[in-house]
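What follows is a single structure, written as structure tokens, with notes after it.
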Amino acid sequence: MVRDICRDMFFLSQRAEPAAPEDLPVGMDLLETLEAHREECVGMAANMIGVRKRIIAVRDGEASLLMFNPEIIQKSGPYQAQEGCLSLEGVRTARRWKSIKVRYWNEKFQERFRTFSGWTAQIIQHEIDHCEGILI
């Protein structure tokens with residue numbers, strides 16, 4: 003189900019709770035909402051659709067990737083980026099890493115580790131910030 007985009011700064015600034023297997027429907031809604039906003043958005047966190055769970059969806063090329071409880075466990079190559087957000091007005095500066103290794107659980111709740119770089123790494127960092135209640 004495509005959900006409305008949350009723009010409530012108080013809600014968005016709260017840290018997300020860990021996701022569990024019963025949160026899979028939220029993940030599916032997140033993917034559908036991301037697809038509905040394909041022209042203007044490359045990643046979303048669950049709090050952007052009004053659910054305070056640690057779930058993100060990102061476009062990785064033409065495919066979309068759903069991550070439950072993502073955490074960055076390694077990072078290298080700091081740089082400054084300019085980012086916008088579907089939930090916020092304008093563009094802001096954020097410190098990002100060129101390469102990150104992420105630990106997460108997939109939609110079958112199997113633990114995964116994967117290294118990302120470049121644009122996809124930047125998107126994931128932005129969405130993990132959402133999970134932490136950090137607004138760029």
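The sequence shown begins at 3 in the numbering used here and counts up one residue at a time. Virtual Cβ for every residue (Gly too), placed ideally from N, Cα, C.
If distances are taken between C-alpha atoms only, which option among the options comes closest to residue i?
i           : options          : result
residue 106 : 121, 136, 72, 81 : 72
residue 121 : 47, 61, 20, 21   : 61
residue 116 : 25, 129, 40, 74  : 74
residue 42  : 12, 7, 13        : 7
residue 18  : 49, 9, 38        : 49
To the nearest angstrom, how far is the alpha carbon of residue i from that of residue j?
i           : j           : result
residue 78  : residue 136 : 20 Å
residue 124 : residue 45  : 10 Å
residue 81  : residue 99  : 6 Å
residue 133 : residue 126 : 11 Å
Does the separation of the CB atoms of residue i and residue j fall below 8 Å?
i           : j           : result
residue 76  : residue 103 : yes
residue 85  : residue 97  : no
residue 25  : residue 57  : yes
residue 129 : residue 47  : yes
Does the beta-carbon of residue i, which I'm using as the reference point, lie nearer than 7 Å to any heavy atom of the ligand SAH?
i           : result
residue 103 : Among the components modelled here there is no ligand, and therefore nothing to report on the ligand SAH.
Could you tell me whether the segment 15-35 touches the segment 79-89, using the rule of 3 or more Cβ pairs below 8 Å?
no
Please list the segments of the beta strand (DSSP E) lying wholly inside the segment 17-60, counting only runs of 3 or more residues, in order along the chain.
45-47
Hey, which unbroken runs of the beta strand (DSSP E) at 3 residues or more fall wholly within the segment 64-118?
65-86, 93-107
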